[in-house]
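In what follows, a structure is listed as structure tokens, so that the remarks can point back to it.
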Amino acid sequence: MSGSSPSPPPSGAPVRTTVPSHPFRSRLSFPALATGLLVALVGYAGSVAVVIQGLSAVGADTAQIASGLVAVGLSMGVSAVWLAWRQRRPISIAWTTPGMALLAATGPVAGGFPAVVGAFLTVAVLIMAAGMWSPLGRWIAAIPKPLANAMLAGLLLKLCLAPFLAMGQAPGLGLLVLATWAVVGRAARLYAVPAAVAVALAAMALDPPPLGAFPSDPWPSLSAVMPVFTWEALVGLTLPLFVVTMASQNIPGLAVLATFGYTPRVPPVFLATGLASALGAPFGGPPVNLAAITAAMCAGPDADPLPERRWQAAAAAGVGHILLAALAAITAALVSRSPPILIEAVAGLALIGALGGSLLAAVQVEEERVPALVTLLVTASGLSFLGIGSAFWGLLFGGAMHLLHRWRPAGA
0 MSGSSPSPPP SGAPVRTTVP SHPFRSRLSF PALATGLLVA LVGYAGSVAV VIQGLSAVGA
60 DTAQIASGLV AVGLSMGVSA VWLAWRQRRP ISIAWTTPGM ALLAATGPVA GGFPAVVGAF
120 LTVAVLIMAA GMWSPLGRWI AAIPKPLANA MLAGLLLKLC LAPFLAMGQA PGLGLLVLAT
180 WAVVGRAARL YAVPAAVAVA LAAMALDPPP LGAFPSDPWP SLSAVMPVFT WEALVGLTLP
240 LFVVTMASQN IPGLAVLATF GYTPRVPPVF LATGLASALG APFGGPPVNL AAITAAMCAG
300 PDADPLPERR WQAAAAAGVG HILLAALAAI TAALVSRSPP ILIEAVAGLA LIGALGGSLL
360 AAVQVEEERV PALVTLLVTA SGLSFLGIGS AFWGLLFGGA MHLLHRWRPA GA
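Below you can see the structure in the form of structure tokens.
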């Protein structure tokens, strides 16, 4: 899941961690294990609709969506368990929810889904390159944060309008999903989106065939797709997806861990997530990256009072992602056979918080407000030129405005 960084711990000072010298010196923490499994469940239920909508929008069929969910679940799970166990820090791994929103806003790509798989593979290579070549990571970090957040807000805006459009196209079910989200969110905000997803899935399952029928083979399976590399996908999808993954997930994820006093070794993190993404890409799996909100759940004192045992929460979350991959075929069949506006509505509800955080981060610096708004508007417009999507053009126009506002004539 994505979102803004949480507030520091109540003490006001970062918690300095002490990493045990022996792998099994710290005993098992059952609160940490329970927190990790909850993190996996909440993260899956809260944004799986976004992932399915993104894959469907770029041309994946039901079998390819199910394969992608299996691949990304295994990628998240294995990399999370490995990194948490090796570094003894609560390094949470998630799929790139903002990146999936980018796919949903981009729509069909020249070359079809094989070109999207090629883009996934290229992003994975770039993530590994960021781990091995520090200047690349510094370049991504140098992108003005207001512009990166404005691009993300422009992508999220259309999806976040879907819940309200759904009430016009499917009044009863759309209003029920929205009411569930609002009522549950009033009592327990963390469970609002999972509750809305549960109501939507129940409605899909109760639909008469062929809309709500379960697949004949519910077991998870992988379907390989030969990647295709096209110029349009490279510029219009790969670069924006890489920027969103780094600027909206990996960098905030590191900041969240630092808030709680954890400073993981960055190169191994990027190498592991990049390698896991590369292995999952041929099967339709989108890139994986550091988590932000779920990282705070695993790294906070609710996971365990002792900071040196909280890594078990991240490892347990990884195990949870592996187990949830078994639901991929059923989830993909139910969601793919339902009305598209309903899926967009659930995805939009899951992204409202991310939209608010992105808007705030985009416009709160007055000097960057106009360039950020230009980025947001160009991105939200859906502008496509030379086969390149609006996310790239939003960054380009916003970056030009940023340089224009910073430029001062000689002698001024």
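Just so you know, we're using numbering that gives the first Met the number 0 here: the sequence shown kicks off at 0 and counts up by one.
We put the CB at the ideal spot given by N, CA and C, even for glycine.
Because the structure is a prediction, the values reported are computed rather than measured.
Exercise. Does DSSP put residue 93 in a helix, in a strand, or in coil?
Worked result: The residue given as residue 93 occupies position 94 in the sequence shown. Strand.
Exercise. Hey, out of 323, 172, 306, whose CA is closest to residue 73's CA?
Worked result: By 1-based counting over the sequence shown, the position of residue 73 is 74. Measuring from the Cα of residue 73, the nearest candidate turns out to be 323.
For this session: State yes or no: is the C-beta of residue 40 within less than 8 Å of the C-beta of residue 319?
Result: Here residue 40 corresponds to residue number 41 of the sequence shown, with the count starting at 1. Here residue 319 corresponds to residue number 320 of the sequence shown, with the count starting at 1. Cβ distance < 8 Å, so residue 40 and residue 319 count as in contact.
Exercise. Just curious, the alpha helix (DSSP H) that residue 148 is in, first and last residue?
Worked result: Within the sequence shown, numbered from 1, the residue matching residue 148 stands at position 149. Unbroken alpha helix (DSSP H) run through residue 148: 144-168.
Exercise. Can you tell which of 255, 61, 284 has the C-alpha that lies nearest to the C-alpha of residue 115?
Worked result: In the sequence shown, residue 115 corresponds to position 116, counting from 1. Ranking 255, 61, 284 by Cα distance to residue 115 puts 284 first.
Problem set entry | Span separating the alpha-carbon of residue 297 from that of residue 97 | Walking along the sequence shown from the start, residue 297 turns up at place 298. Walking along the sequence shown from the start, residue 97 turns up at place 98. Approximately 21 Å between the Cα atoms of the pair.
For this session: Please state whether DSSP places residue 274 in a helix, a strand or coil.
Result: Taking the sequence shown and counting its residues from 1, one reaches residue 274 at position 275. If DSSP states are grouped into helix, strand and coil, residue 274 belongs with the helices.
Problem set entry | Three-state class that DSSP yields for residue 183 in the structure shown | On the sequence shown, residue 183 is found 184 positions in, with the first residue counted as 1. Three-state DSSP puts residue 183 in a helix.
For this session: Flag this pair as touching only if the stretch 108-125 and the stretch 274-282 have three or more C-beta atom pairs under 8 Å; answer yes or no.
Result: yes
For this session: In the DSSP assignment, find the unbroken alpha helix (DSSP H) run with residue 57 in it and report its ends.
Result: Counted from its first residue, the sequence shown places residue 57 at position 58. Unbroken run through residue 57: none, as it is neither H nor E.
Exercise. Looking at residue 281 and residue 69, is the spacing between their C-beta atoms short of 8 Å?
Worked result: Taking the first residue of the sequence shown as position 1, residue 69 is located at position 70. Taking the first residue of the sequence shown as position 1, residue 281 is located at position 282. No, these two residues do not count as a Cβ contact at 8 Å.
Exercise. Is the stretch 150-167 close to the stretch 347-365, with three or more CB pairs under 8 Å?
Worked result: Counting C-beta pairs with one atom in each stretch, the stretch 150-167 and the stretch 347-365 have three or more that are closer than 8 Å, which means they touch.
Exercise. In chain order, what residues of the same chain have a beta carbon less than 6 Å from the beta carbon of residue 315, not counting five sequence neighbours either side?
Worked result: Here residue 315 refers to the residue found at position 316 when the sequence shown is read from its first residue. Excluding sequence neighbours, residue 315 sits near 32, 35, 36.
Exercise. If we ignore side chains and look at the alpha-carbon of each, how far apart do residue 398 and residue 253 end up?
Worked result: The residue labelled residue 398 in the question sits at position 399 within the sequence shown. The residue labelled residue 253 in the question sits at position 254 within the sequence shown. So the two alpha carbons sit approximately 25 Å from each other.
Exercise. Measuring CA to CA, which of 43, 379, 197, 403 is closest to residue 392?
Worked result: Along the sequence shown, one-based indexing puts residue 392 at 393. Selected option, being the one with the closest Cα: 379.
Exercise. Which residue comes first and which comes last in the alpha helix (DSSP H) that contains residue 287?
Worked result: In the sequence shown, the residue the question calls residue 287 occupies position 288. Note, residue 287: premise wrong, no alpha helix (DSSP H); beta strand (DSSP E) at 287-289.
For this session: Please name the residue, chosen from 91, 112, 191, 66, that lies closest to residue 78 on a Cα-to-Cα basis.
Result: Taking the sequence shown and counting its residues from 1, the one referred to as residue 78 is at position 79. Cα-wise, what sits closest to residue 78 is 91.
Exercise. The alpha helix (DSSP H) with residue 242 in it runs from where to where?
Worked result: Here residue 242 refers to the residue found at position 243 of the sequence shown. That run of the alpha helix (DSSP H) goes 238-244.
Exercise. Residues in its own chain within less than 6 Å of residue 228 by CB, not counting five upstream and five downstream?
Worked result: Residue 228 sits at position 229 when you count from the first residue of the sequence shown. If we look at residue 228 and ignore the five residues flanking it on each side, its Cβ neighbours are 117.
Exercise. Nearest chain C C-beta to residue 398 closer than 8 Å, yes or no?
Worked result: The structure shown has no chain C; it contains just one protein chain.
For this session: Buried or exposed for residue 367, please, with buried defined as at least 16 other CB atoms from any protein chain shown within 10 angstroms of its CB.
Result: Counting from 1 along the sequence shown, the entry for residue 367 is found at position 368. With 16 or more Cβ atoms within 10 Å of its Cβ, residue 367 is classed as buried.
Problem set entry | Same chain, Cβ closer than 7 Å to residue 174, five either side skipped, listed in chain order | Position 175 of the sequence shown holds residue 174. If we look at residue 174 and ignore the five residues flanking it on each side, its Cβ neighbours are 166.
Problem set entry | Through-space distance from residue 224 to residue 422, alpha-carbon basis | Because residue 422 is not part of the residues shown, which for the chain are 0 to 411, the question remains open.
For this session: Whole angstroms is fine: what's the gap from residue 381's alpha carbon to residue 389's?
Result: Mapped onto the sequence shown, residue 381 falls at position 382. Mapped onto the sequence shown, residue 389 falls at position 390. Their Cα atoms are separated by approximately 5 Å.
For this session: Below 6 Å CB to CB, which residues in the same chain sit around residue 303 once its five sequence neighbours on both sides are set aside?
Result: Locating residue 303 in the sequence shown gives position 304, where the first residue counts as 1. Hits under 6 Å: 28, 30, 31, 309.
Problem set entry | Alpha-carbon to alpha-carbon, residue 109 and residue 239 | Position 240 of the sequence shown, counted from the start, is the residue given in the question as residue 239. Position 110 of the sequence shown, counted from the start, is the residue given in the question as residue 109. Approximately 16 Å between the Cα atoms of the pair.
Problem set entry | Three-state class that DSSP yields for residue 310 in the structure shown | Position 311 of the sequence shown, counted from the first residue, corresponds to residue 310. DSSP places residue 310 in helix when its eight states are reduced to three.
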